[in-house]
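Just below is one structure, and these are the notes that go with it.
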Amino acid sequence: MKIAVSSQNFKSVTGHAGKSRRFIIFDIGAPCDSPEVVWLDLPKEMTFHEFSGDRHPLDDMDVILTASAGQGFVDKLARRGVQVITCGESEPYKAVRDYLAGTVKRANPHAHLEQERHEHTSCRQN
Numbered sequence: 061m062k063i064a065v066s067s068q069n070f071k072s073v074t075g076h077a078g079k080s081r082r083f084i085i086f087d088i089g090a091p092c093d094s095p096e097v098v099w100l101d102l103p104k105e106m107t108f109h110e111f112s113g114d115r116h117p118l119d120d121m122d123v124i125l126t127a128s129a130g131q132g133f134v135d136k137l138a139r140r141g142v143q144v145i146t147c148g149e150s151e152p153y154k155a156v157r158d159y160l161a162g163t164v165k166r167a168n169p170h171a172h173l174e175q176e177r178h179e180h181t182s183c184r185q186n
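Structure representation (structure tokens):
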């Protein structure tokens with residue numbers, strides 16, 4: 061099973077999955093195996109928001125865990141056979157363990173709006 065976690069800083073689960081360029085990929089074999097972990101850093105044109113090709117590196121994933129995602133992204137990935145799950149866990153390894161245990165922490169319903177507000181405020185301050 062392959063699980064991608066959106067993580068713009070490679071340290072925490074981040075949102076805006078359709079615009080995310082960075083993902084931590086967990087390739088999980090048998091339940092007792094340690095997962096193989098790869099850091100995926102895509103160029104801007106490979107974000108799903110920009111991507112228009114046929115084959116994407118995330119097409120091989122079974123699941124994408126993210127703090128937030130728009131319905132268009134969720135639908136687009138579902139058509140590619142990838143399940144998108146929003147979660148409220150900020151630590152990527154814990155988010156994956158929770159998913160595998162069936163105990164995903166619910167995402168904050170306002171996380172998407174709070175993150176957008178923070179990004180817009182940061183832009184005005186610069």
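The numbers in our numbering rise by one with no breaks, and the one at position 85 of the sequence shown is 145. Even glycine gets a Cβ: it sits at the ideal position worked out from N, Cα and C.
C-alpha gap between residue 125 and residue 107, whole angstroms: Their Cα atoms are separated by approximately 15 Å.
N- and C-terminal bounds of the beta strand (DSSP E) containing residue 123: Following the DSSP letters along the chain, one finds residue 123 inside the beta strand (DSSP E) bounded by residues 123-126.
Alpha-carbon to alpha-carbon, residue 137 and residue 120: Distance from the CA of residue 120 to the CA of residue 137, rounded to the nearest whole angstrom, comes to 11 Å.
Three-state secondary structure assigned by DSSP to residue 77: Of the three classes helix, strand and coil, the one that applies to residue 77 here is helix, per DSSP.
Where the alpha helix (DSSP H) through residue 16 begins and ends: Missing from the structure shown is residue 16; the chain here goes from 61 to 186 and no further.
Rounded separation between residue 112 and residue 84 - CA only: Roughly 22 Å separates the two Cα atoms.
Between the CA atoms of residue 132 and residue 142 - distance to the nearest angstrom: Cα-Cα distance, rounded: 13 Å.
Simplified DSSP state of residue 142, which is helix, strand or coil: DSSP places residue 142 in coil when its eight states are reduced to three.
C-alpha distance - residue 166 paired with residue 98, whole-angstrom precision: Whole-angstrom Cα-Cα distance: 25 Å.
Distance CB(residue 155)-CB(residue 73) smaller than 7 Å: Yes, the pair counts as a contact, with Cβ atoms nearer than the cut-off.
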